[in-house]
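Data first, discussion second: the structure below is written as structure tokens.
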Amino acid sequence: MLALARRHPGVRGTRRLPRVVALSDPRAESPGESRMRLAIVLAGLPAPVPQFRTGRYRLDLAYPDAMLGVEYDGAHHLTPGRARRDLTREAELTRAGWELVHVGGDNSMREIAILVGRALAARGVPTPNVSSESIAALP
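Everything in the sequence shown is counted per the working numbering, starting at 1 for the first residue and increasing by one.
Written out as structure tokens, the structure reads:
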């Protein structure tokens with residue numbers, strides 16, 4: 001893709017393409033997960049591990065050393081059966097020492113960065129690259 005862009009300089013978007021490719025991650029399983037990860041990284045927070053397996057569960061994004069998971073909860077999480085399974089899953093993960101931050105499509109990128117930043121700080125994870133400017137620049 002980058003080689004194709006280099007062969008067509010000046011075409012709209014080709015200048016930004018290397019940054020977009022660098023930020024992409026094929027492990028994302030939904031646009032919501034990608035948006036959540038981008039909010040975190042663009043705010044200057046440490047990059048999380050996508051699709052982290054812990055026991056019998058897999059977290060959308062995780063900071064394994066801090067035992068912090070970040071979950072994207074789309075509309076399908078609102079069905080009664082799924083909500084019940086999610087509660088059981090969260091209880092088991094919490095008993096194992098994990099904290100989960102839940103994000104939905106109605107959260108702005110700025111809100112996502114703030115929620116994750118606060119959770120990381122509460123778990124003692126340094127976030128030296130975060131500034132009020134980096135968070136304010138998010139949509």
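We treat Cβ as the ideally placed atom computed from N, Cα and C, and that holds for glycine.
Just so it is clear, the structure is predicted and the values come from calculations on it, not from any experiment.
In the displayed model, residue 9 falls within coil according to three-state DSSP, outside both helix and strand.
If you compare the alpha carbons of 72, 122, 67 and 68 with that of residue 38, the shortest gap goes to 72. Per DSSP, the beta-bridge partners of residue 54 are 57. For residue 99 against residue 68, the beta-carbon gap comes to about 5 Å, under 8 Å, which counts as contact. Counting only the Cα atoms, residue 112 lies some 12 Å from residue 44.
Within the stretch 70-97, the complete alpha helix (DSSP H) runs of at least 4 residues fall at 80-95.
Beta-bridge pairing by DSSP links residue 103 to 72.
Apart from the 5 residues on each side of it in sequence, residue 138 sits with its Cβ closer than 7 Å to the Cβ of 39, 42, 43, 109, 110 and 113 in its chain, given in chain order.
DSSP, reduced to helix, strand and coil, places residue 49 within a strand of the structure shown. For residue 123, the CB contacts under 6 Å within the same chain, skipping 5 residues up- and downstream, are 66 and 68 in chain order. Residue pairing by DSSP places residue 43 opposite no residue, since no beta bridge is assigned to it. Each of 132, 116 and 131 was checked against the Cα of residue 125, and the nearest Cα belongs to 116.
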